[in-house]
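Structure record follows, encoded as structure tokens.
Okay, structure coming up:
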């Protein structure tokens with residue numbers, strides 16, 4: 144790691160970084176650098192962007208010469224950012240996000256809105272919900288592309304923070320002061336099982352009914368795990384599930400196969416409910432809820448296209 148930020152060269156270097164970025168604003172160089180950082184190598188970036196690797200390498204070397212400091216450590220099998228590179232890529236991503244937001248706003252004023260809305264999503268959300276939201280959104284903005292990308296909870300929050308995703312949609316994302324919730328929906332947890340399960344004939348179940356059942360539960364570390372611990376209270380330590388997993392999809396498939404009872408919310412199983420593969424039974428008493436949030440960074444929360452998507456998703460969820 145170079146000593147770029149430990150010398151008097153630091154202030155001049157940062158100023159040069161910003162000036163160079165301004166001179167190359169929204170040029171191919173910004174896309175090249177972002178791709179190399181995401182993919183870890185010039186070769187993979189070149190393949191994705193369909194350009195010659197030598198062209199990308201030449202542009203990066205030229206930029207490093209302008210700045211007077213290396214942006215990457217050239218390791219045997221990957222490219223790793225230096226401190227100077229970290230500063231530059233953060234600026235590039237903010238610049239690219241701001242540009243897309245400004246372009247969308249200008250197109251909205253002209254009534255010719257095109258563009259892309261990048262939505263980061265957590266695993267476990269039903270595909271039917273996203274399909275209905277997409278259909279409703281395109282009735283309003285048919286020329287706008289929606290890009291859905293799956294992240295873990297922590298990576299979803301970071302993606303919205305650094306501008307890789309304009310919106311984040313998921314559970315357990317509260318408590319982030321720099322993020323603003325555009326939509327919040329409470330989703331009660333319930334018992335999820337195959338239609339021929341003995342408990343499926345009841346209109347609802349109690350937590351005590353579930354203690355004797357083979358349970359399919361989320362792994363420790365998932366936000367859902369803490370809520371299930373709350374549900375069973377003093378009996379939580381006595382539960383011996385047949386399966387624990389951090390994949391909601393696995394929980395659902397095991398329940399469909401009749402292996403046991405899972406505890407999820409309705410949005411997790413919309414597709415399976417429609418197909419008749421699973422049933423959802425409310426848990427009587429103070430059943431915990433999960434809050435589904437659609438959120439954006441506070442500095443970018445007023446962007447027009449993400450706002451339209453938020454309004455559309457809210458209407459779909461309340462329909």
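Residue numbers (the numbering used here): 144 to 462.
By construction, the Cβ of each residue, glycine as well, lies at the ideal position given by its N, Cα and C atoms.
Any idea if residue i is buried or exposed, counting beta-carbon neighbours within 10 angstroms, 16 or more meaning buried?
| i | result |
| --- | --- |
| residue 242 | exposed |
| residue 432 | exposed |
| residue 214 | buried |
| residue 311 | buried |
| residue 87 | Absent from the structure is residue 87, since the part of the chain shown begins at 144 and ends at 462. |
| residue 220 | exposed |
| residue 216 | exposed |
| residue 413 | buried |
| residue 191 | exposed |
| residue 188 | buried |
| residue 201 | exposed |
| residue 378 | exposed |
| residue 208 | exposed |
| residue 367 | buried |
| residue 272 | buried |
| residue 424 | buried |
| residue 313 | buried |
What residues match up with residue i in a beta bridge as DSSP calls it?
| i | result |
| --- | --- |
| residue 222 | 217 |
| residue 426 | 348 |
| residue 260 | 289 |
| residue 439 | 323 |
| residue 405 | 335 and 359 |
| residue 386 | 359 |
| residue 433 | 330 |
| residue 265 | 294 |
Below 8 Å on the Cβ atoms is my guess for residue i versus residue j; work out the distance and round it to an integer in Å.
| i | j | result |
| --- | --- | --- |
| residue 489 | residue 437 | Coverage of the chain is limited to positions 144 through 462, which leaves residue 489 absent and any answer about it impossible. |
| residue 331 | residue 430 | 5 Å |
| residue 410 | residue 276 | Actually they are not in contact, since the Cβ atoms of residue 410 and residue 276 sit about 12 Å apart, beyond 8 Å. |
| residue 401 | residue 355 | At roughly 16 Å, the Cβ-Cβ gap does not stay under 8 Å, so residue 401 and residue 355 are not in contact. |
| residue 232 | residue 180 | 5 Å |
| residue 284 | residue 451 | 6 Å |
| residue 426 | residue 334 | 6 Å |
| residue 236 | residue 307 | 7 Å |
Following a CB-centred definition, is residue i positioned closer than 7 Å to any heavy atom of the ligand SAM?
| i | result |
| --- | --- |
| residue 460 | With respect to the ligand SAM, the structure offers nothing, as it holds no ligand at all. |
Determine contact between the segment 355-368 and the segment 380-395, defined as no fewer than three beta-carbon pairs at a distance below 8 Å. Short answer: they touch.
Would you call the segment 412-422 and the segment 278-295 touching, i.e. three or more CB-CB distances under 8 Å? With a cut-off of 8 Å, the segment 278-295 and the segment 412-422 do not count as touching, because too few Cβ pairs lie within range.
Where in the segment 334-367 do unbroken runs of the alpha helix (DSSP H), each at least 4 residues long, occur, reported from the N-terminal end onward? Runs found: 350-353.
Is the segment 302-316 touching the segment 339-353 in the sense that three or more CB pairs, one from each, lie closer than 8 Å? No, the segment 339-353 does not touch the segment 302-316.
Using 8 Å as the Cβ pair cut-off and three pairs as the minimum, do the segment 399-418 and the segment 277-293 touch? Contact between the segment 399-418 and the segment 277-293 is absent, because fewer than three Cβ pairs lie under 8 Å.
Length at least 3, wholly inside the segment 268-319: the beta strand (DSSP E) runs in chain order: The DSSP assignment places complete beta strand (DSSP E) segments of no fewer than 3 residues inside the segment 268-319 at 287-294 and 310-314, in order along the chain.
Are the segment 383-398 and the segment 262-281 touching by the rule of at least three beta carbon pairs closer than 8 Å? By the Cβ criterion, the segment 383-398 is in contact with the segment 262-281, since at least three pairs of Cβ atoms, one from each stretch, lie closer than 8 Å.
Would you check if there are 3 or more beta carbon pairs closer than 8 Å linking the segment 224-240 to the segment 171-178? The segment 224-240 vs the segment 171-178: in contact.
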